[in-house]
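**Student:** Residue 1087 in our numbering sits at position 118 of the sequence shown, and the numbers go up by one each step.
The beta carbon of each residue, even a glycine, is placed where N, CA and C say it ideally should be.
Let me begin by handing over the structure; questions about it come next.
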Amino acid sequence: MIKFTITPEDVLFFGDAKPFNRGNDGASIFPPLPNTFASSIFAKLYYHKNIKYDGRKQLIKNVYGPFLQRDGELYFQAPKDIFVNEKELKSWESKNYVSVLRPIWGKENLFLKRCKTDMDELSCFMWLGEEIDKDKKSSDGFISFKGLHKWYEGRFSDIKSEDLLKKSSVYKTEVRTGIKINDESGTTESEDGLFKVSFVRLCRGFEFAFWVDFDLENLKDYFRDEKEILKFFDEKPRILKIGGEVKTALYRCEIDDFKLKFKDFKKESGEDKQFFKHVFLTPLIFDEANKNILKLIDGFEGGVTGKYIIASINSKSIGTKTVRAMPAGSVIYTDKNKAQLLTFENQSSDFIGSNLMLSNAI
970 MIKFTITPED VLFFGDAKPF NRGNDGASIF PPLPNTFASS IFAKLYYHKN IKYDGRKQLI
1030 KNVYGPFLQR DGELYFQAPK DIFVNEKELK SWESKNYVSV LRPIWGKENL FLKRCKTDMD
1090 ELSCFMWLGE EIDKDKKSSD GFISFKGLHK WYEGRFSDIK SEDLLKKSSV YKTEVRTGIK
1150 INDESGTTES EDGLFKVSFV RLCRGFEFAF WVDFDLENLK DYFRDEKEIL KFFDEKPRIL
1210 KIGGEVKTAL YRCEIDDFKL KFKDFKKESG EDKQFFKHVF LTPLIFDEAN KNILKLIDGF
1270 EGGVTGKYII ASINSKSIGT KTVRAMPAGS VIYTDKNKAQ LLTFENQSSD FIGSNLMLSN
1330 AI
């Protein structure tokens, strides 16, 4: 497995599947989808080694990320069951401003009903079991690797201000205004020729961390082993083109195993457990675009998710594909255990790297 640490040199744009016409406004999504960065890796293999993906033999087994990194510390999309008063994030002292939703099951639930929902399988509701704070909302920011470990072990009171970051401290939005010009006359072509695009720029010190697990068997005609792949990518100039505007990003690379980062996460066997908790580290995407995405999760009992996002891919082999997705950080409960700590839950065959799930018994 090779880790790419990617440092953008410019603003970035990661588009969703919403149509964008001149006269409209376009905004970048953040964080970017894993297949966006995987495409950049594919592109370098294609343009410099003429390695083509024919849709049959996979060249990459899996990718992990992109995640944020600062001073060697990884940051993930914060679990959606964390509620925090962001106004007071920087003023924590002895008080604890983090609350975590807990599921209410079966006999515990005396008053909540699912009669107004279309989720017949729903058997638990998420509840904030404490005094209501109107300024506490589901965290829409990022959590450090250390903070994620505390959350995983249920040590919620140990989560500190430095473990959580607001979006505004990770990236800034920069708006660019454009106008459609008639090349011949040099004048505005139409009344709706004015448009705006919102880009993102990482704050100082932040980089992207992205792991690629190459399929050595299917690349044996080009590389003997992973060290040769590393040597290829480590040749200067170490540059990738990423995002919808094909912006330049510098990178450095090394052999590193993403899964080993989680060696201290102790997953319970679950033999005597009835329910299991999962958080998605990358967006949850399914190929069946027209179905309720929650109903496609085996053993789904309940959870808390973010607002649907629209994910798209444009490939020569499959054309353009658009699907709904749940954002990273979504937390679900199921009655199905996972054998591994980290798994890809029914990963979409086209959106490589999606559906990466961290699981434990409760």
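Using alpha carbons as the reference points, say which of Ser-1137, Val-1300, Gly-1239 and Asp-1241 lies closest to Phe-1269.
**Tutor:** One-based indexing of the sequence shown puts residue 1269 at position 300. Measuring from the Cα of Phe-1269, the nearest candidate turns out to be Val-1300.
**Student:** For Phe-1202, which of helix, strand or coil comes out of DSSP?
**Tutor:** The sequence position of residue 1202 within the sequence shown is 233, counting from 1. Phe-1202: helix per DSSP, three-state reduction.
**Student:** If you draw a straight line from the alpha carbon of Ile-1262 to that of Gly-1147, how long is it in whole angstroms?
**Tutor:** Locating residue 1262 in the sequence shown gives position 293, counting from the first residue. Locating residue 1147 in the sequence shown gives position 178, counting from the first residue. If you take the alpha carbons of Ile-1262 and Gly-1147, they lie about 37 angstroms apart.
**Student:** With distance defined between alpha-carbon atoms, name the residue in Pro-1072, Val-1067, Phe-1183 and Phe-1177 nearest to Asp-1127.
**Tutor:** By one-based count along the sequence shown, residue 1127 stands at place 158. Cα-wise, what sits closest to Asp-1127 is Val-1067.
**Student:** For Lys-1105, which of Lys-1129, Lys-1115, Val-1069 and Cys-1093 has the nearest alpha-carbon?
**Tutor:** On the sequence shown, residue 1105 is found 136 positions in, with the first residue counted as 1. When only C-alpha atoms are compared, the closest one is Val-1069.
**Student:** I believe Gly-1298 touches Pro-1048 by the beta-carbon criterion, under 8 angstroms. Please report the beta-carbon distance rounded to the nearest angstrom.
**Tutor:** Mapped onto the sequence shown, residue 1298 falls at position 329. Mapped onto the sequence shown, residue 1048 falls at position 79. Correct: roughly 6 angstroms between the Cβ atoms.
**Student:** Quick one: give me the first and last residue of the beta strand (DSSP E) that Lys-1165 is part of.
**Tutor:** The residue you call residue 1165 lines up with position 196 of the sequence shown. Element bounds for Lys-1165: 1163–1171.
**Student:** Secondary structure at Thr-1312, three-state DSSP: helix, strand or coil?
**Tutor:** Here residue 1312 corresponds to residue number 343 of the sequence shown, with the count starting at 1. Correct three-state label for Thr-1312: strand.
**Student:** My parser needs the beta strand (DSSP E) runs of 3 or more residues fully inside the region 1209–1287; what are they?
**Tutor:** DSSP runs (the beta strand (DSSP E)) wholly in the region 1209–1287: 1216–1224, 1245–1249, 1269–1273 and 1278–1284.
**Student:** Alpha carbon to alpha carbon, what distance is there between Lys-1242 and Thr-1005?
**Tutor:** The count along the sequence shown starts at 1 and reaches residue 1005 at position 36. The count along the sequence shown starts at 1 and reaches residue 1242 at position 273. Spanning the two alpha carbons is a distance of roughly 38 angstroms.
**Student:** Return helix, strand or coil for Ile-1029, following the three-state DSSP convention.
**Tutor:** As a working mapping, residue 1029 is identified with position 60 in the sequence shown. Strand at Ile-1029.
**Student:** Look at the alpha carbon of Gly-1272 and the alpha carbon of Phe-1045, and state the distance between them as a whole number of angstroms.
**Tutor:** Locating residue 1272 in the sequence shown gives position 303, counting from the first residue. Locating residue 1045 in the sequence shown gives position 76, counting from the first residue. Spanning the two alpha carbons is a distance of roughly 19 angstroms.
**Student:** Give a yes or no on contact between the region 1198–1211 and the region 1164–1174, applying the rule of three or more CB pairs nearer than 8 angstroms.
**Tutor:** With the cut-off at 8 angstroms, the region 1198–1211 and the region 1164–1174 do not touch.
**Student:** When the Cα atoms are used, what is the spatial distance from Glu-1042 to Asn-1151?
**Tutor:** Numbered from 1 along the sequence shown, position 73 holds the residue referred to as residue 1042. Numbered from 1 along the sequence shown, position 182 holds the residue referred to as residue 1151. Each residue's alpha carbon lies about 49 angstroms from the other.
**Student:** Consult DSSP for Ser-1016 and reduce its assignment to one of helix, strand or coil.
**Tutor:** Taking the sequence shown and counting its residues from 1, one reaches residue 1016 at position 47. The sequence shown places Tyr at residue 1016, not Ser. Correct three-state label for Tyr-1016: helix.
**Student:** Hey, Ile-1282 and Arg-1293: beta-carbon distance below 9 angstroms or not?
**Tutor:** For the purposes of this step, residue 1282 is taken as the residue at position 313 of the sequence shown. For the purposes of this step, residue 1293 is taken as the residue at position 324 of the sequence shown. No; because the gap between Cβ atoms is not below 9 angstroms, this pair is not in contact.
**Student:** Quick check: what's the CA-CA separation for Phe-1175 versus Lys-1307?
**Tutor:** Taking the sequence shown and counting its residues from 1, the one referred to as residue 1175 is at position 206. Taking the sequence shown and counting its residues from 1, the one referred to as residue 1307 is at position 338. Looking at the two C-alpha atoms, the distance is approximately 33 angstroms.
**Student:** Out of curiosity, what's the CA-to-CA distance linking Leu-1327 and Val-980?
**Tutor:** Locating residue 1327 in the sequence shown gives position 358, where the first residue counts as 1. Locating residue 980 in the sequence shown gives position 11, where the first residue counts as 1. Cα-Cα distance, rounded: 31 angstroms.
**Student:** Figure out for me which residue from Val-1144, Thr-1142 and Phe-1114 has the closest Cα to the Cα of Leu-1134.
**Tutor:** As a working note, residue 1134 is residue 165 in the sequence shown. Nearest option by C-alpha distance: Phe-1114.
**Student:** Between Ile-1112 and Leu-1171, what straight-line distance do the alpha-carbon atoms span, to the nearest angstrom?
**Tutor:** Here the question's residue 1112 lines up with position 143 in the sequence shown. Here the question's residue 1171 lines up with position 202 in the sequence shown. Taking the straight line joining both Cα atoms gives about 16 angstroms.
**Student:** Among the residues of its own chain, which have a CB less than 7 angstroms from the CB of Glu-1237, if the five just before and after it don't count?
**Tutor:** Here the question's residue 1237 lines up with position 268 in the sequence shown. Contacts found: Asn-1329 and Ala-1330.
**Student:** For Lys-1232, count the other beta carbons within 10 Å of its own beta carbon; 16 or more makes it buried, fewer makes it exposed. Which is it?
**Tutor:** For the purposes of this step, residue 1232 is identified with residue 263 of the sequence shown, where counting begins at 1. It is exposed - the Cβ of Lys-1232 has fewer than 16 other Cβ atoms within 10 Å.
**Student:** Just how far apart, CA to CA, sit Ser-1108 and Val-1032?
**Tutor:** What you label residue 1108 is simply residue 139 of the sequence shown in a count that begins at 1. What you label residue 1032 is simply residue 63 of the sequence shown in a count that begins at 1. Computed Cα separation, rounded: 25 angstroms.
**Student:** Have a look at Asp-1203, Lys-1235 and Phe-1234 and flag the residue whose alpha-carbon is nearest the alpha-carbon of Ile-975.
**Tutor:** For the purposes of this step, residue 975 is identified with residue 6 of the sequence shown, where counting begins at 1. Measuring from the Cα of Ile-975, the nearest candidate turns out to be Asp-1203.
**Student:** Excluding the 5 residues flanking Leu-1209 on each side, which residues of the same chain have their C-beta closer than 7 angstroms to its C-beta?
**Tutor:** Position 240 of the sequence shown, counted from the first residue, corresponds to residue 1209. Cβ within range, chain order: Ile-975, Ser-1009, Lys-1013, Ala-1218 and Tyr-1220.
**Student:** Ignore the nearest five residues each way along the sequence and tell me which others in Ala-996's own chain have a CB closer than 6 angstroms to its CB.
**Tutor:** Within the sequence shown, the letter at position 27 stands for residue 996. Closer than 6 angstroms at Cβ, skipping near neighbours: Ser-1167.
**Student:** Helix, strand or coil for Gly-1116 per DSSP?
**Tutor:** If you number the sequence shown from 1, residue 1116 lands on position 147. If DSSP states are grouped into helix, strand and coil, Gly-1116 belongs with the helices.
**Student:** Check the DSSP bridge columns for Asp-1182 and list the partner residues they point to.
**Tutor:** Against the sequence shown, residue 1182 aligns to sequence position 213. According to DSSP, Asp-1182 bridges with Asn-1031.
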